[in-house]
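Student:
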Amino acid sequence: MQLTIQKTKTVGEVKQEFAHTFPSLKIEFFRTAHQKEEGSPLKQMLHDDSLLSVAYPMLRQGIYFFFPTTTVADFELGLQKELGVSVQVFRLSKGVWLETTKTDNLTLAQQNANATEVVSRMRFNVNSLFL
Numbered sequence: 001m002q003l004t005i006q007k008t009k010t011v012g013e014v015k016q017e018f019a020h021t022f023p024s025l026k027i028e029f030f031r032t033a034h035q036k037e038e039g040s041p042l043k044q045m046l047h048d049d050s051l052l053s054v055a056y057p058m059l060r061q062g063i064y065f066f067f068p069t070t071t072v073a074d075f076e077l078g079l080q081k082e083l084g085v086s087v088q089v090f091r092l093s094k095g096v097w098l099e100t101t102k103t104d105n106l107t108l109a110q111q112n113a114n115a116t117e118v119v120s121r122m123r124f125n126v127n128s129l130f131l
């Protein structure tokens, strides 16, 4: 799996690329990096139409390779160290996007499965109310 980071891309374009692989996860871009198991201030979140070259003047273009077995912490740190972009992974839980701060040690696949499992249980519970 890969994300292509180019100066001409917008934040939204990279987010869509990630979402194709992990539909129950999303990444958000921030002006500054965060520490492992820490959140990022909302006021530092970049808009989807932000150009990567403007948001990150020291951006290093390239392709970031990762695997479903990559932990959230390693994914976020790798993007920061290799290409100079600061991201935070979010997981969908009961219709709300949650930062994965306390579960940074889980893999991207585990996070995606956990989110999908919650959505499936919600659908079952909602449907069973009308039986």
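In the UniProt record's numbering, the protein residues as written are 1 to 131.
Glycine residues also receive a C-beta, built at the ideal position from the N, C-alpha and C atoms.
It should be emphasised that the depicted structure is a prediction, and the values quoted were computed from it without experimental measurement.
Please list the segments of the alpha helix (DSSP H) lying wholly inside the stretch 41-116, counting only runs of 4 or more residues, in order along the chain.
Tutor: Runs of the alpha helix (DSSP H) inside the stretch 41-116: 52-55, 72-83.
Student: DSSP state of residue 16, grouped into three classes?
Tutor: If DSSP states are grouped into helix, strand and coil, residue 16 belongs with the helices.
Student: Could you tell me whether the stretch 104-114 touches the stretch 72-87, where touching means 3 or more Cβ pairs closer than 8 Å?
Tutor: Yes, the stretch 104-114 is in contact with the stretch 72-87.
Student: Just checking, does the stretch 97-105 make contact with the stretch 59-66 on the three C-beta pairs under 8 Å criterion?
Tutor: The stretch 97-105 is not in contact with the stretch 59-66.
Student: To which residues does DSSP link residue 26 through a beta bridge?
Tutor: Answer is 90, bridged to residue 26.
Student: Is residue 4 helix, strand or coil when you go by DSSP?
Tutor: In the structure shown, residue 4 sits in a strand (DSSP, three-state: E or B).
Student: Answer with buried or exposed for residue 104, where buried requires no fewer than 16 other C-beta atoms within 10 angstroms of its C-beta.
Tutor: Burial call: buried.
Student: Distance check for residue 10 and residue 55, CA to CA, integer angstroms please.
Tutor: If you take the alpha carbons of residue 55 and residue 10, they lie about 9 Å apart.
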